Amino acid sequence: MALYAIADLHLSFGTDKPMDVFSGWSNYTERIRQQWQRLVTPHDTVVIGGDISWAMKLTETEKDFRFLEELNGKKLLLKGNHDYWWSTKAKMDKYLEEKGFGSLFVLHNNYYVCDGTAVCGSRGWFYDAETDADMLILNREVGRLRMSIEPAVKAGYEPVVFLHYPPIYNGMECEEILSVLKEYGIKRCYYGHIHGGSAAKRAFNGEKYGIRFQLIACDHLGFCPLYIDPVEKAHSIEENSGI
Numbered sequence: 015m016a017l018y019a020i021a022d023l024h025l026s027f028g029t030d031k032p033m034d035v036f037s038g039w040s041n042y043t044e045r046i047r048q049q050w051q052r053l054v055t056p057h058d059t060v061v062i063g064g065d066i067s068w069a070m071k072l073t074e075t076e077k078d079f080r081f082l083e084e085l086n087g088k089k090l091l092l093k094g095n096h097d098y099w100w101s102t103k104a105k106m107d108k109y110l111e112e113k114g115f116g117s118l119f120v121l122h123n124n125y126y127v128c129d130g131t132a133v134c135g136s137r138g139w140f141y142d143a144e145t146d147a148d149m150l151i152l153n154r155e156v157g158r159l160r161m162s163i164e165p166a167v168k169a170g171y172e173p174v175v176f177l178h179y180p181p182i183y184n185g186m187e188c189e190e191i192l193s194v195l196k197e198y199g200i201k202r203c204y205y206g207h208i209h210g211g212s213a214a215k216r217a218f219n220g221e222k223y224g225i226r227f228q229l230i231a232c233d234h235l236g237f238c239p240l241y242i243d244p245v246e247k248a249h250s251i252e253e254n255s256g257i
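In our numbering, the protein residues as written are 15 to 257.
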């Protein structure tokens, strides 16, 4: 089993908001499908790092989730800033079960074990948060990140962290998120949210504080899932500490 990641799919099969209107995004869903199926096997797992669907309500995600369901592998869904359909984990789990989306799993206040590697994550928040409202959300995201990482570390797994918002961007840092990563000795952190060539140039891809950071927005990856880490002898994934 292998672990892959990609973010910012911005699917809109159930809404009229196609990303094809943006430069470089022409025929993007077919490009995603072709490259995904070429790389990912039914035994692999793909983390989708937020901004999954333009749907406004959970009930409007069906066509987008059907697209994902028909792709190879298991998919771990992380919240992005445009995922307005996001609900409680219990409601999302129930919806996925009712619709028969057996390959889709919610990464929210929990972690998943992919044969020895703990997949952890949270949406994160703005690196330049200053207002009281922003700090309230940021502190909540810090708590969610801890809830994902801490039980994985206590269980003896090596966590790999996925965020939607970048913890480092254009020379600025989200100290609150980074402090959690450093506290738990995280070695790898992947994030999305950043689009376009000029913006991506300001994204941090490299090592800092002993952590390797990498942007996984789908346009930055050429609409191709990024191979993260080989995981041996995998036939299933296991959820832990789900809330």
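Glycine residues also receive a C-beta, built at the ideal position from the N, C-alpha and C atoms.
Since we're looking at a predicted model, the values are computed, not measured.
Just checking my contact of residue i with residue j at CB under 8 Å: how many whole Å lie between their CB atoms?
i, j, result
"F79", "K113", "7 Å"
"V194", "R216", "That pair is no contact at about 23 Å."
Mind checking whether residue i and residue j have CB atoms under 8 Å apart?
i, j, result
"F218", "G63", "no"
"C188", "S162", "no"
"A16", "Y241", "yes"
"E84", "F115", "no"
"H96", "W50", "no"
Name the two residues that bound the continuous alpha helix (DSSP H) containing residue i.
i, result
"T43", "Y42 to L53"
"K88", "Note, K88: premise wrong, no alpha helix (DSSP H); beta strand (DSSP E) at K88 to L92."
"E112", "K103 to E112"
"F227", "No alpha helix (DSSP H) holds F227; the beta strand (DSSP E) holding it covers I225 to L229."
"L17", "From DSSP, L17 is part of no alpha helix (DSSP H) but of the beta strand (DSSP E) over A16 to I20."
"K196", "E189 to E197"
How big is the Cα-Cα spacing for residue i and residue j?
i, j, result
"R226", "I182", "11 Å"
"H173", "R202", "Before going further, note that residue 173 is Pro rather than His in the sequence given. Whole-angstrom Cα-Cα distance: 8 Å."
"P244", "R52", "Note that P244 scores a pLDDT of 48, beneath 50, so its modelled location is shaky and nothing firm can be said."
"K89", "C128", "12 Å"
"Y42", "E221", "30 Å"
"H24", "K93", "12 Å"
"W100", "M70", "9 Å"
"C232", "K77", "19 Å"
"D148", "W139", "8 Å"
"E164", "D142", "25 Å"
Contained beta strand (DSSP E) runs [length at least 3] in the region 127-185, N- to C-terminal order: 131-136 and 172-177
Runs of beta strand (DSSP E) wholly within the region 54-85 (minimum 3 residues, chain order): 59-63
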